[in-house]
Amino acid sequence: MTELALSAYFALYLYLLIVFTQWAVASSSKASQKNAVPGKIDTNLSHESFVFRAHRTFQNTLENSALFLGTVLFSFIIGYHSAVFAICIWVYVIARLIHMVLYYAIATEKNPSPRSYFFLAGVGANVVMLVLLGLRLAAY
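Letter 23 of the sequence shown, counting from 1, is numbered 125 in this note's numbering, and no numbers are missing.
Take a look at the structure:
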């Protein structure tokens, strides 16, 4: 296994740890609430509530995971490992990590909020990965 591939695999592993952490934080913060009902979040909650922010952080990650994981796993399946692609994986993972920390820390209804910039950085990294993957496929 090359160092480049190992770096990309490690970034994916870190991403999976982030998803697990978000699930654990969202689940435990919600469960600690009085009269908590499994599978339901109080519709009256908003950004001032950590329970809401933890839930939305996890949901936002899930909403974006299919495209990211699909792109990365597809590249692994076809054996595509480039330095730019690996950097994009790391940019995406770090952007999602910072997005998570900011969503947990800042209670704001403002848009864009500081977390929005890291969300966009992740989207940008994913777009670049899709383009690189498409170019690689076109070269076959």
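Where is the CB? At the ideal position from N, CA and C, for every residue including glycine.
Query: Measuring CB atoms only, is the segment 207-227 touching the segment 123-133, in the sense that at least three cross pairs come out at less than 8 Å?; Result: no
Query: Measure the beta-carbon distance from Leu234 to Phe178 and round it to whole angstroms, keeping in mind my assumption that it falls under 8 Å.; Result: Going by Cβ atoms, the distance from Leu234 to Phe178 rounds to 13 Å, so no, they are not a contact pair.
Query: For a test of the three-state rule: what should DSSP assign to Lys212, helix, strand or coil?; Result: coil
Query: Nearest CA to the CA of Val153: which residue from Gln124, Gly236, Leu239, His201?; Result: Gln124
Query: Under the rule that 16 or more other beta-carbon atoms within 10 Å means buried, what is His168, buried or exposed?; Result: Note that residue 168 corresponds to Ala in the displayed sequence, not to His. Ala168 comes out exposed.
Query: Applying the 10 Å Cβ sphere with the 16-neighbour rule, what's the burial state of Thr104?; Result: exposed
Query: Among Leu237, Ala138, Tyr194, which one has its Cα closest to the Cα of Leu222?; Result: Tyr194
Query: Considering just the uninterrupted stretch of the alpha helix (DSSP H) at Ile191, what are its terminal residues?; Result: 185-207
Query: If you reduce the DSSP assignment to three classes, tell me which class Glu165 lands in.; Result: helix
Query: For Ala138, does the three-state DSSP call read helix, strand or coil?; Result: coil
Query: What does the Cβ neighbour count give for Ala227, buried or exposed, with the cut at 16 atoms within 10 Å?; Result: buried
Query: Is Phe220 closer than 8 Å to Ile191 when the C-beta atoms are compared?; Result: no
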